[in-house]
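**Student:**
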Amino acid sequence: MVSGKEFRKTLRRPMPNAPRSRPTCRIVPAFTIQANQKNTCVAPPPRCYALCERPPQKTLFRYRYKRGDFPIALEIKGISWKTDIPKLDFHFYLPMFFEGLIETTHPYKVFARQAVHDMLTYGGNKIFPCIPQLIIPIKNAFNTRNREVICVTLKVLQHLLRTSDKVGEALVPYYRQLLPVLNMFKNCNVNCGDHIDYSQMRGENVSDLINETLELMEKTGGEDAFINIKYLIPTYESCLLN
Numbered sequence: 010m011v012s013g014k015e016f017r018k019t020l021r022r023p024m025p026n027a028p029r030s031r032p033t034c035r036i037v038p039a040f041t042i043q044a045n046q047k048n049t050c051v052a053p054p055p056r057c058y059a060l061c062e063r064p065p066q067k068t069l070f071r072y073r074y075k076r077g078d079f080p081i082a083l084e085i086k087g088i089s090w091k092t093d094i095p096k097l098d099f100h101f102y103l104p105m106f107f108e109g110l111i112e113t114t115h116p117y118k119v120f121a122r123q124a125v126h127d128m129l130t131y132g133g134n135k136i137f138p139c140i141p142q143l144i145i146p147i148k149n150a151f152n153t154r155n156r157e158v159i160c161v162t163l164k165v166l167q168h169l170l171r172t173s174d175k176v177g178e179a180l181v182p183y184y185r186q187l188l189p190v191l192n193m194f195k196n197c198n199v200n201c202g203d204h205i206d207y208s209q210m211r212g213e214n215v216s217d218l219i220n221e222t223l224e225l226m227e228k229t230g231g232e233d234a235f236i237n238i239k240y241l242i243p244t245y246e247s248c249l250l251n
């Protein structure tokens, strides 16, 4: 005959073949006194999400376009200018259009990208004095981590380097602001197996565009270009020395 007290004790005992229950682990922050307590687990460090997109805020370019400050209009094949491009104030308009490179919605991206290429094509000697004003818009475009925006900005940067022989050397002091993001995306190739990557044919492969831009920077940047590129992007190999 089993008494009630003994019967209640047997209810608390686990089954002979049952797995042993482990004490629950309480998640606590690292480098605190709680981490030394029993039955605690230290929380892992947060992820930095370095390659994730960072959507930009509303730009001043969009505000001024809605206000009608730009002498441009939309056409079927592109944009039309209401005035001659060489007569424009490049110190005002060129940095504003460069700021619009981060736009990804229609029609803002069409206006900004086409206007930048048109001004770089017909700007002539007016482009070189505006280079210090273009660094921050280019840096902001790279910092979005958006692959479309990065590809467009790299093409614009290549066009800027080809406008004059002095531009390459003038950009060398600003490599510290422009190249850190390119170092992260330099080896981000598309692994599509046996399939064909059509982005290379369209000029939309980020890794290839970065390599082309770095080589063009080295060719046009003078003697100190390779040293500064190598300091910020250690995996880069010279296209002139080798």
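The numbering used here numbers the first residue of the sequence shown as 10 and each following residue consecutively. C-beta: ideal position from N, C-alpha, C; glycine also. Please read these numbers as outputs of a predicted model, since none were measured by experiment.
1) Hey, how far is the Cα of Glu-213 from the Cα of Glu-84?
2) Are the beta-carbon atoms of Ala-179 and Thr-162 separated by less than 7 Å?
3) Determine which residues share a DSSP beta bridge with Ala-82 and list them.
4) Closest by CA to Ile-136, which one among Leu-225, His-100, Arg-185, Glu-227?
5) When the Cα of Lys-47 is compared with those of Glu-157, Ala-59, Thr-33, Asp-217, which residue comes out closest?
6) Tell whether a beta-carbon distance below 7 Å holds between Pro-104 and Gln-142.
7) Reducing DSSP to helix, strand and coil, say where Ile-145 ends up.
8) I'd like to know if the stretch 69-85 and the stretch 110-122 are in contact, where contact means that at least 3 CB-CB pairs between them fall below 8 Å.
9) Mind checking who Cys-160 pairs with in its DSSP beta bridge?
10) For my contact list, Asn-192 and Ile-242 are in at a C-beta cut-off of 8 Å; report their separation, rounded to the angstrom.
11) When the distance is taken between beta carbons, is Thr-153 closer than 7 Å to Arg-76?
12) Specify, as a first and last residue, the run of the beta strand (DSSP E) that Val-181 falls within.
13) Quick check on DSSP: helix, strand or coil for Thr-172?
14) Put Thr-49 into one of helix, strand or coil per three-state DSSP.
15) Could you tell me how far apart the beta carbons of Val-165 and Leu-110 are, in whole angstroms, since I believe they sit closer than 8 Å?
16) Would you grab the beta carbon distance between Leu-249 and Glu-227 for me? Rounded to a whole angstrom, and I think it's under 8 Å.
17) Using DSSP's beta-bridge definition, name the partner residues of Val-37.
18) Straight-line CA distance for Val-190 to Arg-29?
19) Suppose only complete runs of 4+ residues qualify. What are the alpha helix (DSSP H) ranges in the stretch 100-148, listed by chain order?
20) Would you decide whether Ile-236 is buried or exposed? Buried here means 16 or more other CB atoms lie within 10 Å of its CB.
21) Is it right to say Ile-42 is buried, meaning 16 or more other beta carbons lie within 10 angstroms of its own, or is it exposed?
22) With distances taken from CA atoms, which of Tyr-184, Phe-16, Thr-130 is nearest Ile-147?
**Tutor:** For this structure:
1) 25 Å
2) no
3) Ser-89
4) His-100
5) Thr-33
6) yes
7) helix
8) yes
9) Bridge partners of Cys-160: none, in fact.
10) 5 Å
11) no
12) No beta strand (DSSP E) contains Val-181, which DSSP labels as neither H nor E.
13) helix
14) strand
15) 7 Å
16) 6 Å
17) Val-51
18) 51 Å
19) 117-131
20) exposed
21) exposed
22) Tyr-184
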